[in-house]
Amino acid sequence: MLGWLELTAGSIILILLLVFVKVGIPILLIIGAYIAYKRFTSPAEVAKRRYAKGEITFQELQDILRNLEVMK
15 MLGWLELTAG SIILILLLVF VKVGIPILLI IGAYIAYKRF TSPAEVAKRR YAKGEITFQE
75 LQDILRNLEV MK
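Remember, this note's numbering sits 14 above the position in the sequence shown when you count from 1.
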């Protein structure tokens, strides 16, 4: 009836797939990067990295981690 504008189930699925590839995947990548960044910069991770570099002692690391547990 509409000629070239006729949409079948297959073409609708193809359009939705293309929209997801163009829009959905970048959004998922951004969300994933944000979550990884937040986890990498958590106070516990920062304290562990400082201990690994020798900037703080083991006792200081334990105190920081204990204080973070109390704050939760």
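Note that beta-carbon positions come from the ideal geometry of N, C-alpha and C, so glycine has one too.
Return the CA-CA distance between residue i and residue j, expressed in angstroms with no decimal places.
i	j	result
LYS52	GLY46	10 Å
ILE49	ARG64	21 Å
ILE26	ILE41	22 Å
Go through its chain and collect everything with a Cβ distance to residue i's Cβ below 7 Å, but skip five positions before and after it.
i	result
THR89	Residue 89 lies beyond the stretch modelled for the chain, which goes from 15 to 86, so this question has no answer here.
Let's test the definition: count the other Cβ atoms within 10 Å of the Cβ of residue i and tell me whether it reaches 16, buried, or not, exposed.
i	result
ALA58	exposed
Measure how close the beta-carbons of residue i and residue j come, nearest whole angstrom, since I'm counting them as under 8 Å.
i	j	result
LEU82	LYS62	Not quite, the Cβ-Cβ distance comes to about 11 Å (not below 8 Å), so this is no contact.
Report all residues from its chain with a CB closer than 8 Å to the CB of residue i; omit the five preceding and five following residues, and keep chain order.
i	result
ILE70	ALA61, ARG64 and ILE78
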